[in-house]
Each structure stands twice: as C-alpha cells, then as structure tokens.
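Presented below is the structure to which this report refers.
Residue numbers (the working numbering): 162 to 600.
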C-alpha cells in the first residue's frame, strides 16, 4: 500500500502514515525491553545492567548507518513526490550495495574489539562477562538489523508504513517466545536473550525482502546498478552530515555512559532501565518526526511548499498532545514501570526521580523534533547536524563539569538543557527562512 502525501486531506495523510510508525516503533523497542524484563526477573540485576550497558555500543553502528539511510530516504521521498521512478531504482540499488558491504565489515570489527570497548567504558567488573556474552552474539545480527532499517525506509519513503508494521509484529512475537524458551526453560541467560533477538531480526529482514520484491519501483538490481558513483555522491552529500552527527552523537553517548558508570551499579541499572522506558514513551514523538520529514520531502518534490509548511503546523499540534500525555503517564506510573524489570525498590526510586526531572520537558522535545524533521525533509541537513552536535556538546560539558557537584541527577538535567537549546536553534532557523534555499 502506497500513501501519496502530496494530495488529499493533509491531517489524515499525516495521521494515517504516522500511526503504523508509532506501533512499529513501539514493537521494535520491545526487542530490548522484553529482553530486559525477562533477564531482570529470571537472571538478575547484574545481567540486566549488562544488557543495558550494551545499548550505547550497539547504537554506534545503528546511528551511523541510520545517517546513510536517512539521507537516502529524503532523496527517495522527493523523487517519489516528483514521480521520478527510474532514479529511485538507482538510489535503492546503490545504497543497498554500499550498506551491505560496509556493515558486514563493521560487525566483524565490532565483534573483535568488544572486550576493549567494555574496558574503555569503565564497565563495572561484575558485569563485563555478561555484557561481552550479550554483545558477541548481538553483533552477528547487526547486518540484518541495518538491512531491515534500509528496507523499512524504502517502503516508508513511498508512503507505505503498514508493511514494516507487519514485519515488526512477526519478529516481536518470535522474540518474546524465544526469550521465554531460551532464558526461562533452557537457562541460557543473557546469551539466550541475544540469540532470540538476532533470530527475530533475521525474520523481519527476510519478511521485508519478500515485500519489496512486489514493488517494481523499489527493485534492487545489484549487477546492473551495483554502486553508481554519481548516485552515491548524491546520497553522501545528504548523508555525511547526518553520519557525522550520528557518529559524534554515538561517541558522546558513550562518554555519558562512562560518567554514568562512575556512579555505581545501582545508578547504571536504574538509568539504563529508565532510558528503556523513556525510549518507549517518546517513540510517538520520534515516529511523528519521521512522518513529518517524509511528508515534507514528498511535497517539496511535488513543488508544494505551502502544503509542506501546513504539515509542520499540524505535526506540532499532534506532538504537543502526545508529549503531554506521555508526561502524565511517566509521572504517575514511572515507579511501577521500573518494577516490571525486577529491580529493587532502591533502583526503582532512582529511576522514578529521573522521570520526575525529565518528563515535564517532553513538550519542548516534541516541538524541537517537529521543526528539526521539517528542516531535514527540506535537505537542510548541515544545519540540523550543527544543531544536534551543539546540543550534545552542551550536554557532555554539563555532565562532565557538574557530575561531582550534582550527582546522578546531572544525567537528566543536562539532557533537558540540550533539548531547550536545540529547540531554540531550530525555531530560529525556521523563522529566518534561510532553510528555503537548501533544496
């Protein structure tokens, strides 16, 4: 199913495209969350911390490849809006070949250097082994995870957000069943959680391969269109700022993880667990921003800037409704959500304090994400890169300089400061209208 967002009722087009994205994002997050709940309840808090501390390491690969995929998706959406289907074939074949080769190499290197990475992060001694066991298996599934993200982006770029949802439903069910079997019955511990996740990722990837084969416009021709340098240059022109942003962001998060680790196992367990809940509750905002970006790109491709701007306004309204709802849920139920992971009351209290600090600023995050997505859909990627990196640098500096004085609360306080700073930058850029020349 393709959803042409360049015509028809604007609000419905945006909402109908966004809803499957939100559900897909929710289910995708269930990979790690289900792992964590089952690991926390059946293996223990040390194993739970090991799974949590592995996320920033894996995210380096995911964030970098997401930069390439995001640049490709902007071009795909604009060409789709302009009905330039032959160019879409060249784009898709080139990005597939490039990512397949690159991510395989990265996965191999990541597997080789896992132990050194964990030591570099000041990982507490008692969780180094389970973290190593988990990551060594997870890295085997990285190529499938990245290709799933690419195939999903292909379908979303032409307005099809339902097929990726179907693939996630399938893989989530597989993941939950295998988690219970491998951890609760076979007693494989964190290794069982990792194996279940990898099998689920492979399943979702294969499902989308079959689906893409049915879309002529998305067909990949490796022999004929392997890696076209001219096409790759176009992709890289948009992708590299996003990759730089993702790379700096990933290493920045590793630095923040290092600061967090210095507070001890209880804080590491509490905040990494809280971030799993946080990542789930703010998913509607993230998925809405993806929809705004694709909506903007399609309408710019169709030379309809007025409709693109109106889409941003509607998107901000939706984001405010969502963010206020999320704030209410976390403030009222944060402690109970923490306890689902089998943590102690002390750890749950630390997590709840984190939510109390962070949650009231979600509306600002929603506005920032919406404007950011609009600018990115308009190819204003250099500015969005600068904005994102600047806010991260602010967060890192605050965390580093104030960690001793403020304590664990600095993790949330620095994040809030980064949101406010980025929102101001994005709003000023939009009002300046200088982004209008980026296309």
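Here a beta-carbon is modelled for each residue, glycine too, at the ideal position from N, C-alpha and C.
Original post:
Expressed to the nearest angstrom, what Euclidean distance is found between the alpha-carbon atoms of residue 599 and residue 533?
Top reply: Residue placement at residue 599 is poorly supported in this model, since its pLDDT is 46, which falls under 50; the coordinates are not used for a value here.
Original post:
Helix, strand or coil: which one does DSSP assign to residue 204?
Top reply: coil
**OP:** Measuring alpha carbon to alpha carbon, tell me which of 301, 278, 542 ends up nearest residue 595.
**Re:** 542
Original post:
Should residue 344 and residue 199 be called a contact, given that it needs their Cβ atoms to be closer than 8 Å?
Top reply: yes
Subject >> Per-residue burial, residue 227 [other beta carbons within 10 Å of its own, 16 or more giving buried] >> reply: buried
Subject >> DSSP three-state assignment for residue 596, whether helix, strand or coil >> reply: helix
**OP:** Spatial neighbours of residue 188 within its chain, please: CB distance less than 7 Å, with the 5 preceding and 5 following residues excluded, ordered by chain position.
**Re:** 329, 330, 333
**OP:** For residue 461, count neighbouring Cβ atoms within 10 angstroms of its own Cβ and tell me buried if that reaches 16, exposed if not.
**Re:** buried
Original post:
Is residue 162 helix, strand or coil by DSSP?
Top reply: At residue 162, the pLDDT of 48 sits below 50, so the modelled position is not reliable and the matter cannot be decided from this model.
Subject >> Segment contact, 8 Å Cβ cut-off, at least three pairs: the stretch 448-459 with the stretch 236-246 >> reply: yes
**OP:** Measure the CB-CB distance between residue 502 and residue 442 and report whether it falls below 8 Å.
**Re:** no
**OP:** Give a yes or no on whether the C-beta atoms belonging to residue 555 and residue 579 are separated by under 8 Å.
**Re:** yes
Subject >> 8 Å Cβ cutoff met for residue 415 and residue 217 >> reply: yes
Original post:
Which runs of the alpha helix (DSSP H) fall wholly inside the stretch 523-561 and span at least 4 residues, in chain order?
Top reply: 523-538
Original post:
Taking buried to mean at least 16 other C-beta atoms within 10 Å of its own C-beta, is residue 602 buried or exposed?
Top reply: As shown, the chain starts at 162 and ends at 600. That puts residue 602 outside it, with no answer to give.
Subject >> Three-pair Cβ contact test at 8 Å for the stretch 263-279 versus the stretch 314-330 >> reply: no
Original post:
Among 511, 585, 191, which residue has its Cα nearest to the Cα of residue 430?
Top reply: 511
Original post:
Would DSSP call residue 580 helix, strand or coil?
Top reply: helix
**OP:** Under 7 Å Cβ to Cβ from residue 201, same chain only, skipping five residues before and after it: list those, please.
**Re:** 209, 502, 503, 504
Original post:
When the Cα atoms are used, what is the spatial distance from residue 233 to residue 565?
Top reply: 42 Å
**OP:** Counting only the same chain and skipping the five closest in sequence on each side, list residues whose C-beta sits under 7 Å from that of residue 173.
**Re:** none
Subject >> Three-state secondary structure assigned by DSSP to residue 422 >> reply: helix
Original post:
Under the three-state reduction of DSSP, which class applies to residue 376: helix, strand or coil?
Top reply: coil
**OP:** Can you give me the Cβ contacts of residue 587 inside the same chain, cut-off strictly under 7 Å, excluding the 5 residues immediately before and after it?
**Re:** 529, 532, 533, 536, 548
Original post:
Is the distance from the Cβ of residue 352 to the Cβ of residue 194 below 8 Å?
Top reply: no
Original post:
Are there three or more Cβ pairs, one per stretch, closer than 8 Å when the stretch 372-384 is compared with the stretch 250-257?
Top reply: yes
**OP:** Note down, one range per segment and in chain order, each alpha helix (DSSP H) of at least 4 residues found wholly within the stretch 202-254.
**Re:** 206-242
Original post:
What's the C-alpha gap between residue 225 and residue 342?
Top reply: 33 Å
**OP:** Can you grab the Cα-Cα spacing for the pair residue 560 / residue 401, in whole Å?
**Re:** 27 Å
Subject >> Contacting residues, own chain, Cβ-Cβ under 7 Å from residue 283 (five flanking each side not counted) >> reply: 419, 422, 423
**OP:** State yes or no: is the C-beta of residue 279 within less than 8 Å of the C-beta of residue 313?
**Re:** no
Original post:
Quick one: what's got a C-beta closer than 6 Å to residue 291's C-beta in the same chain, skipping five residues either side?
Top reply: 208, 211, 351
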